[in-house]
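Residue numbers (my numbering): 14 to 83. Cβ coordinates follow ideal geometry from the N, Cα and C atoms, glycine included. All of these numbers come straight from a predicted model, not from anything done at the bench.
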Amino acid sequence: MAEQKLEVNATNAPRIIEKFEKAIKDFAELEIKSIGTTLAPEFADKRESNYCYIKDNQNDYDKAKEILKN
């Protein structure tokens, strides 16, 4: 079941940013591990999951950063 999207506001902006940046960090670490090798299926699935999360939540991340900037 997909995670329900919340409206981005000043209250949840820090959490949105934290989750998004963690997904980017995890994705990058798995990308580095995969260079020149084959990832175990569970790691490949996690990398794909992080990629989808990043792709699906980029706009919310940008909104959250803008809210906190103001």
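Comparing C-alpha positions only, which one of the options sits nearest to residue i?
i   : options            : result
F56 : D39, I80, Y66      : D39
N70 : K82, E42, R28      : R28
S47 : R60, K32, E31      : R60
K68 : T24, V21, A26, A36 : A36
Y64 : E42, G49, A23, A26 : E42
Considering residue i, what are the terminal residues of the alpha helix (DSSP H) in which it resides?
i   : result
I80 : 54-82
A36 : 26-47
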